[in-house]
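A.B. asks: Numbered according to our numbering, the sequence shown terminates at residue 233, and the numbering increases by one at each position without gaps. I have a structure I would like to understand better, so I am pasting it below and will then ask my questions one at a time.
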Amino acid sequence: MAALYLVRHGQASFGEPEYDQLTQKGRQQGVMLGQSWQTLPRPEKIYTGLLRRHTQTFQAFNEQVKLNSAVNVLKGLNEFDHNDILISAQPHWQNQQDVINYFAKLPSPKEALNKAFNQALATWVDKQHSQHYQENWSTFKSRCISAFNRIIEDREIEEQQIIAFTSGGVIAVIIQHLLQLSDQQCLNVMQQLRNTGVTKILFSVDRISLDYFNNYRHLEQVGASWSTYR
């Protein structure tokens with residue numbers, strides 16, 4: 004059987020003006036993942052989304068693994084637009100700067116932002132066909148599954164090892180698809196995904212199955228502070 008490893012990106016700059024950028028910790032998480040990969044099969048095909056945090060995580064990983072294969076960039080592996088989801092949650096927020104200004108005045112800005120984002124995310128999922136968003140939940144799910152199917156269909160050899168650097172929402176939707184989970188269960192899965200956690204999927208011509216989910220032992224071995232969600 005072939006194997007697809009879905010890797011969530013390293014810690015990005017949540018709560019900062021430019022989110023799509025790894026923190027120093029996020030980059031080191033990618034390096035740690037590469038170090039831990041030495042005893043695993045070398046990926047023969049590589050995918051990333053279009054986001055910088057995907058590419059940066061792969062680059063940190065590859066400093067250790069040193070893969071020479073071409074990188075296939077697949078837009079369907081991109082995360083949902085968290086700014087659009089947040090801004091749409093409050094009628095008085097018109098742009099990202101409004102959100103930043105609002106939370107900057109609070110005693111615990113990042114904690115408050117995280118709570119508000121989770122609430123906005125739940126609303127987005129609940130209004131799954133709403134045209135109020137640039138990309139609604141239903142459209143996002145369809146895009147993720149299309150990207151997943153393309154990777155599966157583009158397998159070149161029977162036992163090919165494939166790795167894809169993507170985001171938590173994409174991985175959660177793929178898990179939902181494989182296990183036939185509800186939207187609420189999908190959200191629960193999304194909340195559990197660690198930065199640089201690895202999910203492995205096995206597949207053949209007539210079978211697709213989840214082998215393991217959200218493996219972040221490469222972080223646990225170093226210390227609990229490295230196991231981040233955002």
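Think of the CB as a built atom: it goes at the ideal place given N, C-alpha and C, for glycine as much as any other residue.
Run through DSSP, which three-state label would L25 get?
C.D. replies: Within the sequence shown, numbered from 1, the residue matching residue 25 stands at position 22. Strand, per DSSP.
A.B. asks: Counting only runs of 4+ residues fully inside the stretch 16–93, write out the alpha helix (DSSP H) ranges in chain order.
C.D. replies: Correct list: 27–39, 55–68, 85–90.
A.B. asks: Which of the three DSSP states is assigned to K113 in this structure?
C.D. replies: Here the question's residue 113 lines up with position 110 in the sequence shown. DSSP places K113 in helix when its eight states are reduced to three.
A.B. asks: When you compare each of I103, Q131, I166 to A73 by their alpha carbons, which one comes out closest?
C.D. replies: Within the sequence shown, the letter at position 70 stands for residue 73. Cα-wise, what sits closest to A73 is I166.
A.B. asks: Looking at the secondary structure, which residues open and close the alpha helix (DSSP H) in which V192 lies?
C.D. replies: Sequence index remark: in the sequence shown, residue 192 carries index 189 (1-based). Run containing V192: 186–195, per the alpha helix (DSSP H) assignment.
A.B. asks: When burial is assigned at 16 or more other CB atoms within 10 Å of the CB, is L213 buried or exposed?
C.D. replies: One-based indexing of the sequence shown puts residue 213 at position 210. Per the 10 Å Cβ criterion, exposed.
A.B. asks: If you follow the alpha helix (DSSP H) that I160 is part of, which residue opens it and which one closes it?
C.D. replies: As a position in the sequence shown, residue 160 is number 157, starting the count at 1. Here I160 belongs to no alpha helix (DSSP H), and DSSP marks it neither H nor E.
A.B. asks: When you compare only the Cα positions, how much space is there between H238 and Q131?
C.D. replies: The displayed coordinates of the chain run from 4 to 233. Any statement about residue 238 would go beyond what the structure contains.
A.B. asks: Just the C-alpha distance for Q194 and N152, rounded to the nearest angstrom, thanks.
C.D. replies: Your numbering for residue 194 matches position 191 in the sequence shown. Your numbering for residue 152 matches position 149 in the sequence shown. Approximately 24 Å between the Cα atoms of the pair.
A.B. asks: For I103, which of T231, Y22, G200 has the nearest alpha-carbon?
C.D. replies: For the purposes of this step, residue 103 is identified with residue 100 of the sequence shown, where counting begins at 1. Nearest C-alpha to I103: Y22.
A.B. asks: Please report the distance separating the alpha-carbon of K113 from that of I160.
C.D. replies: Position 110 of the sequence shown, counting from 1, holds the residue named residue 113. Position 157 of the sequence shown, counting from 1, holds the residue named residue 160. Cα to Cα, the separation comes out at about 46 Å.
A.B. asks: How big is the Cα-Cα spacing for E162 and P44?
C.D. replies: Reading the sequence shown from its first residue, position 159 is the one you call residue 162. Reading the sequence shown from its first residue, position 41 is the one you call residue 44. Roughly 11 Å separates the two Cα atoms.
A.B. asks: Would Q137 be called buried (16 or more neighbouring beta carbons within 10 Å of its own) or exposed?
C.D. replies: Mapped onto the sequence shown, residue 137 falls at position 134. Exposed, because fewer than 16 other Cβ atoms sit within 10 Å of the Cβ of Q137.
A.B. asks: Kindly indicate the opening and closing residues of the alpha helix (DSSP H) around R11.
C.D. replies: The residue you call residue 11 lines up with position 8 of the sequence shown. Not the alpha helix (DSSP H): R11 falls in the beta strand (DSSP E), residues 5–11.
A.B. asks: Do G29 and N218 come within 8 Å of each other at the CB atom, strictly closer than that value?
C.D. replies: Here residue 218 refers to the residue found at position 215 when the sequence shown is read from its first residue. Here residue 29 refers to the residue found at position 26 when the sequence shown is read from its first residue. The answer is no: Cβ separation not under 8 Å.
A.B. asks: What's the gap between the Cα of R55 and the Cα of D209?
C.D. replies: For the purposes of this step, residue 55 is identified with residue 52 of the sequence shown, where counting begins at 1. For the purposes of this step, residue 209 is identified with residue 206 of the sequence shown, where counting begins at 1. Cα to Cα, R55 sits roughly 34 Å from D209.
A.B. asks: Check S149 in the structure and name its three-state DSSP category.
C.D. replies: Your numbering for residue 149 matches position 146 in the sequence shown. Three-state DSSP puts S149 in a helix.
A.B. asks: Figure out for me which residue from A115, W127, I148 has the closest Cα to the Cα of A92.
C.D. replies: For the purposes of this step, residue 92 is taken as the residue at position 89 of the sequence shown. Comparing Cα positions, the closest option is W127.
A.B. asks: What are the partner residues of A167, as DSSP defines its beta bridges?
C.D. replies: For this step, residue 167 is matched to residue 164 along the sequence shown. Looking at the DSSP assignment, A167 forms a beta bridge with L9, Y50.
A.B. asks: Return helix, strand or coil for K203, following the three-state DSSP convention.
C.D. replies: Position 200 of the sequence shown holds residue 203. Three-state result, K203: strand.
A.B. asks: In terms of alpha-carbon separation, which member of T169, E47, T60 lies closest to T26?
C.D. replies: As a position in the sequence shown, residue 26 is number 23, starting the count at 1. Residue T60 is the option with its Cα nearest to T26.
A.B. asks: Suppose the cutoff is 7 Å on Cβ atoms and the five residues either side in sequence are ignored; what does the same chain contact list for F120 look like?
C.D. replies: Within the sequence shown, the letter at position 117 stands for residue 120. Closer than 7 Å at the Cβ level, and outside the excluded window around F120, lie H85, L89.
A.B. asks: Return the CA-CA distance between Q100 and I155, expressed in angstroms with no decimal places.
C.D. replies: Here residue 100 corresponds to residue number 97 of the sequence shown, with the count starting at 1. Here residue 155 corresponds to residue number 152 of the sequence shown, with the count starting at 1. If I take the Cα positions, the gap works out to 40 Å.
A.B. asks: On the CB-based measure, 16 or more other CB atoms within 10 Å of its CB, does T42 come out buried or exposed?
C.D. replies: Along the sequence shown, one-based indexing puts residue 42 at 39. Label assigned to T42: exposed.
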